[in-house]
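Asker: Below are the structure tokens for one structure; questions will follow.
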Amino acid sequence: FFWLPRKHWKKADTEKKAIILICAHNEEDVIANTIHHLHELDYPKDKYKIYVCCHNCKDKTYENAKKAGAEVLVLDDPDPRHRCVAYPLRYAAREILQREPDFDFLVRIDADNILCPTFLMEMNNSICHGAKIVRAYEAASNLRQNLWTEQSAIFYAKDSSIQNRFRQFVHSTAMMPGPGLTMTREVMEKMDGWDSMSMAEDAEFTFNRLFDGYKIYFNTDAIVYEDQPSSFADTRKRLTRLGGSLTKLFFTDGWKMVIAFLRT
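Each number in this note's numbering corresponds to the 1-based position in the sequence shown with 8 added.
Below, the structure is given as structure tokens:
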């Protein structure tokens with residue numbers, strides 16, 4: 009289905025207020041550069057804020073993020089069972105709901121992600137035309153590093169573009185990854201900030217929102233660039249962690265999804 013055309017969202021008449029959230033654990037080397045790029049987005053500067061949640065950081069992530077111009081939250085959680093992004097994500101989401109009473113949608117990215125200049129404008133187009141949850145187009149930021157990253161980038165092209173064009177074509181829903189995850193305030197309030205607490209929090213989020221009756225849309229023009237694993241060892245470590253988490257999720261929620269599929 010690679011021949012299916014891309015869908016472009018119509019330009020919106022207004023710019024809604026956005027929050028960009030980064031959950032960071034010992035990211036002093038990259039956080040300032042990421043925030044710098046976010047300040048240069050092609051979107052009215054009074055219409056978005058950047059939040060960083062420092063989770064058990066032992067380096068200068070807090071200082072570097074603060075100096076770069078972000079609003080910084082701190083979560084010190086010694087519980088070893090909470091060493092995953094879901095916990096700072098929940099903490100930060102609840103804090104933002106209290107501190108920012110007038111924002112319209114939130115974008116979640118990782119500390120090393122780079123957004124294309126028109127990212128917020130494109131997500132605003134989707135939100136203004138009725139989407140409540142929107143998936144971004146994931147691309148490789150280190151495409152030319154070596155042969156392994158090139159193969160990873162090819163997979164991302166399939167995962168982000170080809171299969172989501174088909175899902176759009178049949179009016180289906182997208183699978184939501186973490187980088188570029190965009191949702192409205194309404195969605196956040198309904199789940200009290202964040203409710204997906206497994207190691208595979210993005211897949212669990214997708215399941216939970218489908219159970220709630222939401223559809224996850226795809227915006228092919230909202231691009232988030234992400235570092236790809238540069239070796240087989242890095243990829244194996246990453247996929248072993250994700251694979252174990254997804255297997256657990258299958259046995260807790262997978263059967264519910266099968267029933268929902270048959271029912272709907």
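Even for Gly, the Cβ is constructed at its ideal location relative to N, Cα and C.
CB-CB under 7 Å to Tyr70, same chain, minus the five flanking residues each way: which ones, in chain order?
Answerer: Your numbering for residue 70 matches position 62 in the sequence shown. Answer for Tyr70: Cys62, Val80 and Val82, listed in chain order.
Asker: Restricting to Cα atoms, I'd like to know which of Lys15, Thr228 and Lys68 is closest to Asn34.
Answerer: As a position in the sequence shown, residue 34 is number 26, starting the count at 1. When each option's Cα is compared against that of Asn34, the closest is Lys68.
Asker: Straight-line CA distance for Glu146 to Phe174?
Answerer: Taking the first residue of the sequence shown as 1, we reach residue 146 at position 138. Taking the first residue of the sequence shown as 1, we reach residue 174 at position 166. If I take the Cα positions, the gap works out to 16 Å.
Asker: If you draw a straight line from the C-alpha of Glu212 to the C-alpha of Asp261, how long is it?
Answerer: Start at 1 with the first residue of the sequence shown, and residue 212 comes out as number 204. Start at 1 with the first residue of the sequence shown, and residue 261 comes out as number 253. Computed Cα separation, rounded: 8 Å.
Asker: Nearest CA to the CA of Phe113: which residue from Ala119, Ser204 and Leu105?
Answerer: Numbered from 1 along the sequence shown, position 105 holds the residue referred to as residue 113. Of Ala119, Ser204 and Leu105, the residue nearest in Cα terms is Leu105.
Asker: Counting only the same chain and skipping the five closest in sequence on each side, list residues whose C-beta sits under 7 Å from that of Ile43.
Answerer: For the purposes of this step, residue 43 is identified with residue 35 of the sequence shown, where counting begins at 1. These residues qualify, in order along the chain: Ile58, Ala73, Ala76, Gly77 and Ala78.
Asker: Decide yes or no for the touch test of the region 227–236 against the region 149–156: beta carbon pairs closer than 8 Å, at least 3 of them.
Answerer: Counting Cβ pairs under 8 Å, three or more are found: they touch.
Asker: Would Tyr222 and Ile141 be called neighbours here (beta carbons separated by less than 7 Å)?
Answerer: Walking along the sequence shown from the start, residue 222 turns up at place 214. Walking along the sequence shown from the start, residue 141 turns up at place 133. Result yes, Cβ atoms of Tyr222 and Ile141 sit closer than 7 Å.
Asker: Taking Cβ positions, are Ala165 and Ile224 nearer each other than 7 Å?
Answerer: In the sequence shown, counting from the first residue as 1, residue 165 sits at position 157. In the sequence shown, counting from the first residue as 1, residue 224 sits at position 216. Their beta carbons are not under 7 Å apart, which means Ala165 does not touch Ile224 by this criterion.
Asker: What does the alpha-carbon distance come out to for the pair Gly251 and Asp21?
Answerer: By 1-based counting over the sequence shown, the position of residue 251 is 243. By 1-based counting over the sequence shown, the position of residue 21 is 13. Cα to Cα, the separation comes out at about 42 Å.
Asker: Since Arg116 and Leu218 are thought to touch, with beta carbons under 8 Å apart, how far apart are those beta carbons, to the nearest angstrom?
Answerer: What you label residue 116 is simply residue 108 of the sequence shown in a count that begins at 1. What you label residue 218 is simply residue 210 of the sequence shown in a count that begins at 1. With 8 Å as the limit, Arg116 and Leu218 do not qualify as a contact, their Cβ atoms being about 18 Å apart.
Asker: Quick one: give me the first and last residue of the alpha helix (DSSP H) that Asp242 is part of.
Answerer: In the sequence shown, the residue the question calls residue 242 occupies position 234. Phe240 to Leu257 is the span of the alpha helix (DSSP H), which, as asked, contains Asp242.
Asker: On a Cα-Cα basis, can you pick out the residue from Ala40, Ile27, Arg102 and Leu49 that is closest to Met199?
Answerer: For the purposes of this step, residue 199 is taken as the residue at position 191 of the sequence shown. When each option's Cα is compared against that of Met199, the closest is Arg102.
Asker: Is the distance from the Cβ of Ala32 to the Cβ of Ala144 below 7 Å?
Answerer: Translated into positions along the sequence shown, residue 32 becomes position 24. Translated into positions along the sequence shown, residue 144 becomes position 136. No. Outside cutoff.
Asker: Given Leu49, which residues of its chain have a CB within under 7 Å of its CB, disregarding the five upstream and five downstream residues?
Answerer: Position 41 of the sequence shown, counting from 1, holds the residue named residue 49. Taken in chain order, the residues that qualify are Leu123, Pro125, Phe127 and Leu128.
Asker: What residues are listed by DSSP as bridge partners for Val266?
Answerer: The residue labelled residue 266 in the question sits at position 258 within the sequence shown. According to DSSP, which records beta bridges pairwise, Val266 is partnered with nothing at all.
Asker: If you measure between the beta carbons of Phe288 and Asn172, is that distance less than 7 Å?
Answerer: Past the edges of the chain, shown from 9 to 272, lies residue 288, and the structure says nothing about it.
Asker: As an exercise, report each continuous alpha helix (DSSP H) stretch of at least 4 residues that is fully enclosed by the region 31–79, in chain order.
Answerer: Taking only runs of at least 4 residues, the alpha helix (DSSP H) segments lying wholly in the region 31–79 are 39–47 and 69–76.
Asker: Output the boundary residues of the beta strand (DSSP E) element that contains Asn5.
Answerer: This structure cannot settle anything about residue 5, because the visible part of the chain is limited to 9 through 272.
Asker: State the beta-bridge partners of Phe113 as determined by DSSP.
Answerer: In the sequence shown, the residue the question calls residue 113 occupies position 105. Beta-bridge pairing links Phe113 to Ala26 and Thr192.
Asker: Measuring only the C-alpha atoms, how far is Tyr95 from Arg107?
Answerer: Working through the sequence shown from its first residue, we reach residue 95 at position 87. Working through the sequence shown from its first residue, we reach residue 107 at position 99. Approximately 18 Å, taken between the alpha carbons.
Asker: Using the rule of at least 16 other Cβ atoms within 10 Å of the residue's Cβ for burial, across every protein chain shown, is Glu194 buried or exposed?
Answerer: Sequence index remark: in the sequence shown, residue 194 carries index 186 (1-based). Classification of Glu194: exposed, given that the 10 Å Cβ count is below 16.
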